[in-house]
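A.B. asks: One structure, pasted below without further comment.
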Amino acid sequence: MSPYMWMWVAIVVAGVLAWATKYIGHVVPQEVLDHPRVQRIAAYITVALLAALAAVQTFTTGQALVIDARVAAIAVAAIALALRAPFIVVVALAAAVAAGLRALGWG
Amino acid sequence: MARLNPVRQQALSVSLATGAYAISFGALAVAAGLDVWQTMALSLLVFSGGSQFAFVGVLGAGGTAAAAVATSTFLGLRNGFYGVGLAPVLRPMRGWRRAGAAQVTIDESTAVALAQPAEDVAARRQGFWWTGIGVFVAWNAITVVGALAGQQIGDPATWGLDAAAAAAFLGLVWPRLASRSAQWVAAGAAVLALALTPVSPAGVPILAAAVVAVVAGWPAPRTRAEVPA
Chain S
111 MSPYMWMWVA IVVAGVLAWA TKYIGHVVPQ EVLDHPRVQR IAAYITVALL AALAAVQTFT
171 TGQALVIDAR VAAIAVAAIA LALRAPFIVV VALAAAVAAG LRALGWG
Chain Z
316 MARLNPVRQQ ALSVSLATGA YAISFGALAV AAGLDVWQTM ALSLLVFSGG SQFAFVGVLG
376 AGGTAAAAVA TSTFLGLRNG FYGVGLAPVL RPMRGWRRAG AAQVTIDEST AVALAQPAED
436 VAARRQGFWW TGIGVFVAWN AITVVGALAG QQIGDPATWG LDAAAAAAFL GLVWPRLASR
496 SAQWVAAGAA VLALALTPVS PAGVPILAAA VVAVVAGWPA PRTRAEVPA
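Quick note, the sequences are listed as chains S and Z, same order.
Reading the first sequence from the start, the letters are residues 111 to 217 in the numbering used here.
Reading the second sequence from the start, the letters are residues 316 to 544 in the numbering used here.
Next comes the structure, spelled out in structure tokens:
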């Protein structure tokens, strides 16, 4: 199979798993997922994965750790979030900062 | 607008606000190498913002499709718990209705449903369905716009789309950092992922960060304030 077809397989599998995860919550007896430890770990998994994704997306290119325009952009995004800016504004600001710095020849 | 009660108004405004950032997802997915059809399929089938951004984020960083699926699925685990939290609101449910409810069980539909007074089950149910279906329609429609725009713009770095992806993850994690313990988990996960990046295949550092969550969540919290939201 071509890489393009494999990507389709991955998309469909991700979709089925996403739906199955949601569906299980609607059919299991309530006690099963009510365990405090299970709930704590589940909440932390969301935090851990999102934080790791943010870090990798900001500070790496391939397997190298790098400092470039993205670092300035994420700093501006953090300030915007602290000021309670809407999500779409935060994302657009970060893109604008990185694009602006690169247009000036940095990062 | 005269016929829109407060629950429906809330559902509608959440739908539009959430749908709007599908434009960044669409553009980022195309920048990561997916075509417009694949991008649309992700929004239709996966339909969970964090999982979708993660899927294309792992691909964009050079990770394998398998790593993208795994990361996307782990990030979607929380949706499983939403169904449990919604049980008093939505059960009993059967067949297609339950299958449909599952598809639109996301952060936003759960939040709007549970934001209604606990004793008003009808309002909670209405909040869930109006927000779930509203976000589904807006999210999928605006994904197409983002993907088509993404096709037109050439090198994504010139437009700062790589930085936009980083900011999207920061924006998604931000509301979950209210407690000190969550902040430590986030910091630990970020440091671990960066430390592993030079020495492991793409995608692995992010999955490994889940270990931090298990280690932090295993022991019972000493104080009430440590329980994550």
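We put the CB at the ideal spot given by N, CA and C, even for glycine.
1) Along the region 156-178 of chain S, where does the CB come closer than 8 Å to a CB of chain Z? Name the residues.
2) Ordered along the chain, which non-local residues of its own chain (more than five positions away) have a Cβ less than 8 Å from that of P471/Z?
3) Against W116/S, what residues of chain Z qualify as contacts under a CB-to-CB distance less than 7 Å, listed in chain order?
4) Rounded to the nearest angstrom, what separates I177/S and A482/Z at their Cα positions?
5) Can you look up T379/Z in the DSSP assignment and give me helix, strand or coil?
6) Which residues in chain S have a C-beta closer than 8 Å to the C-beta of N394/Z? List them in chain order.
7) Using 8 Å for Cβ pairs, my map puts A128/S next to T388/Z. What's the rounded Cβ distance?
8) Find out if the Cβ-Cβ distance for the pair V529/Z, L507/Z is shorter than 8 Å.
9) Quick one: grab the DSSP three-state call for T131/S.
10) Verify the CB distance criterion: does I189/S have a CB-CB separation below 8 Å to chain Z?
11) What does the alpha-carbon distance come out to for the pair S363/Z and L214/S?
12) What does a CB cutoff of less than 6 Å around R439/Z pick up in its chain, not counting 5 residues either side in sequence?
13) Are any of the Cβ atoms in chain Z nearer than 8 Å to that of G125/S?
14) Thinking L509/Z and F197/S are a contact (beta carbons under 8 Å), I'd like their distance in whole angstroms, please.
15) Identify every run of the alpha helix (DSSP H) within the region 328-400 of chain Z, keeping only runs that are complete inside it and at least 4 residues long; order them along the chain.
C.D. replies: On the basis of the coordinates in this document:
1) T156, V157, A158, L159, L160, A161, A162, L163, A164, A165, V166, Q167, T168, F169, T170, G172, Q173, A174 and L175
2) Indexing the second sequence from 1 puts residue 471/Z at position 156. Result list for P471/Z: A342, L343, A346, G465 and D477, in chain order.
3) For the purposes of this step, residue 116/S is identified with residue 6 of the first sequence, where counting begins at 1. Result: A380.
4) For the purposes of this step, residue 177/S is identified with residue 67 of the first sequence, where counting begins at 1. For the purposes of this step, residue 482/Z is identified with residue 167 of the second sequence, where counting begins at 1. Cα-Cα distance, rounded: 15 Å.
5) As a working note, residue 379/Z is residue 64 in the second sequence. Coil at T379/Z, not helix or strand.
6) Reading the second sequence from its first residue, position 79 is the one you call residue 394/Z. Those within 8 Å of N394/Z in chain S are A128, T131, K132 and G135.
7) Counting from 1 along the first sequence, the entry for residue 128/S is found at position 18. Counting from 1 along the second sequence, the entry for residue 388/Z is found at position 73. Yes, A128/S and T388/Z are in contact; Cβ-Cβ is about 7 Å, under 8 Å.
8) As a first step, residue 529/Z must be located in the second sequence, where it is residue number 214. As a first step, residue 507/Z must be located in the second sequence, where it is residue number 192. It is not a contact, given that the beta carbons lie outside the stated cut-off.
9) Locating residue 131/S in the first sequence gives position 21, counting from the first residue. Helix at T131/S.
10) Taking the first residue of the first sequence as position 1, residue 189/S is located at position 79. By this cut-off, I189/S is not an interface position.
11) On the second sequence, position 48 is the one that residue 363/Z refers to. On the first sequence, position 104 is the one that residue 214/S refers to. Cα to Cα, the separation comes out at about 36 Å.
12) For the purposes of this step, residue 439/Z is taken as residue 124 along the second sequence, with counting starting at 1. These residues qualify, in order along the chain: V404, A428 and Q431.
13) The residue given as residue 125/S occupies position 15 in the first sequence. So yes, G125/S belongs to the interface.
14) As a first step, residue 509/Z must be located in the second sequence, where it is residue number 194. As a first step, residue 197/S must be located in the first sequence, where it is residue number 87. Rounded, the Cβ-Cβ distance is 24 Å, inconsistent with contact.
15) 337-346, 351-360, 364-375, 380-390 and 392-400
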